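Below is one structure; the comments refer to it alone.
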Amino acid sequence: MVNHMVQQDVLDRVFASLADPQRRRILVRLGEGPATIGELAEPVGMSLTGMKKHVQVLESAGLVATEKVGRSRQCRLQAAPLDEAMAWISFYQRLWARKLDGLDAYFTLERGTEGHQS
Amino acid sequence: MTVDLHLTRQLPASPDEVFDAYTDAEKQKIWFSILDEQPGIVEIEVDLRVGGRQTAVWGPDRDTLFRETQTFLEIDRPHRLVTESTGSGPDGMTMTTRIEITFEAVGDGTLMTVVQSGFPVPEVRDFFAGEVWVGALDRIEAYLVRGADQPVR
Chain B
5 MVNHMVQQDV LDRVFASLAD PQRRRILVRL GEGPATIGEL AEPVGMSLTG
55 MKKHVQVLES AGLVATEKVG RSRQCRLQAA PLDEAMAWIS FYQRLWARKL
105 DGLDAYFTLE RGTEGHQS
Chain U
61 MTVDLHLTRQ LPASPDEVFD AYTDAEKQKI WFSILDEQPG IVEIEVDLRV
111 GGRQTAVWGP DRDTLFRETQ TFLEIDRPHR LVTESTGSGP DGMTMTTRIE
161 ITFEAVGDGT LMTVVQSGFP VPEVRDFFAG EVWVGALDRI EAYLVRGADQ
211 PVR
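Residue numbers (the working numbering), protein chains in the order written: chain B, 5 to 122; chain U, 61 to 213.
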């Protein structure tokens, strides 16, 4: 069984890590395929140390996985935490669909039995 | 920074009838599961007063239960209802949001407007809106379509 405090913590880290536009750009770049810290840093004119910090934040949120390849560190996108974040919105969208459809059916049925036997 | 869910529905009954059906425990039990294909678990308890709570527990079986606990913040029958909602799924994850519902007489029915706010995900939404993660949007759509399909069958 999953501990919900741990889960909430993961969500908080996902939201916090996505609050930074630079980190979102990193995810966009990694969406095209894996890249090293150097390959991520160079096009945006950032230092390796600065990029490493951003990647570490994304890694702690579980959005990015890194692996040492030779002398560099390869970064790869991980989709699961984002799925969890979006699952909340869809949870409530489904709940509202259930509620509003249910109410609609309830009154429609009530009207039907009031007006004519059907 | 948060994102809101905004929904409206025209219902064929007066605001009084809709407000009461929406808030009465026994009526809720009827409409909450009225479209279920198979009987599952639906438990609803309501203490309709400011500061009071409403708890709904539902799911196909005891091992797969969803729960929504709402605390009533404002009750203005039959016009407006404001609650704080905490939802939780079978995996134990929880999230708290604010729900504001208005019931407005339109024609011979009621326009019910729901605004649920407090989802801390604007960055996520913007991120997805940027066509970066098209697959995820497709998945959400699939969820919604599945949700809408269920009552029809």
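For every residue, glycine included, the Cβ atom is placed at its ideal position computed from N, Cα and C. The model shown is predicted, which means the values in this text are computed figures rather than measured ones.
Residue i to residue j, Cα distance in whole Å?
i, j, result
"P38 (chain B)", "G111 (chain U)", "51 Å"
"D80 (chain U)", "R29 (chain B)", "49 Å"
"Q88 (chain U)", "G66 (chain B)", "40 Å"
"E134 (chain U)", "L141 (chain U)", "6 Å"
"T70 (chain B)", "V32 (chain B)", "16 Å"
"H139 (chain U)", "D108 (chain B)", "18 Å"
"D84 (chain U)", "L95 (chain U)", "18 Å"
"T173 (chain U)", "T143 (chain U)", "14 Å"
"M55 (chain B)", "D123 (chain U)", "44 Å"
"D64 (chain U)", "V73 (chain B)", "43 Å"
"T117 (chain B)", "F111 (chain B)", "10 Å"
"R163 (chain U)", "L71 (chain U)", "According to the sequence shown, residue 163 (chain U) is Phe rather than Arg. About 10 Å."
"L127 (chain B)", "W118 (chain U)", "Because residue 127 (chain B) is not part of the residues shown, which for chain B are 5 to 122, the question remains open."
"I159 (chain U)", "T146 (chain U)", "10 Å"
"V124 (chain B)", "V166 (chain U)", "For residue 124 (chain B) there is no data in the structure shown, the boundaries of chain B being 5 and 122."
"E77 (chain U)", "A20 (chain B)", "43 Å"
"M155 (chain U)", "R98 (chain B)", "15 Å"
Indicate the three-state DSSP secondary structure (helix, strand or coil) for residue i in the structure shown.
i, result
"H58 (chain B)", "helix"
"S64 (chain B)", "helix"
"I94 (chain U)", "coil"
"L107 (chain B)", "helix"
"R75 (chain B)", "coil"
"S215 (chain U)", "No information on residue 215 (chain U) is available, as it lies outside the stretch 61 to 213 that chain U covers here."
"Q82 (chain B)", "coil"
"D84 (chain U)", "coil"
"D64 (chain U)", "strand"
"E36 (chain B)", "coil"
"A69 (chain B)", "strand"
Give the DSSP bridge partners of residue i, in chain order.
i, result
"M50 (chain B)", "Answer is none; M50 (chain B) lacks a bridge partner."
"G169 (chain U)", "U:V166"
"Q70 (chain U)", "U:L171"
"I93 (chain B)", "Answer is none; I93 (chain B) lacks a bridge partner."
"I161 (chain U)", "U:L141, U:V174"
Whose Cβ in chain D lies nearer than 9 Å to the Cβ of residue i?
i, result
"V78 (chain U)", "Absent here is chain D; the protein component of the structure consists of chains B and U."
- Taking a Cβ distance cut-off of 9 Å, strictly less, list which residues of the region 102–119 of chain B are near chain U, in chain order. Within the region 102–119 of chain B, those residues whose Cβ lies closer than 9 Å to any Cβ of chain U are, in chain order, R102, K103, L104, D105, G106, L107, D108, A109, Y110, F111, T112, L113, E114, R115.
- What residues in the region 31–53 of chain B bring their beta carbon closer than 9 Å to a beta carbon of chain U? Taking 9 Å as the cut-off between beta carbons, the residues of the region 31–53 of chain B near chain U are L31, V32, G35, in sequence order.
- Message: Going residue by residue through the region 99–157 of chain U, where are the continuous beta strand (DSSP E) segments of at least 3 residues, counting only ones entirely within it?
- Response: Counting whole runs of 3 or more residues, the region 99–157 of chain U contains the beta strand (DSSP E) stretches 101–106, 113–121, 124–136, 140–148.
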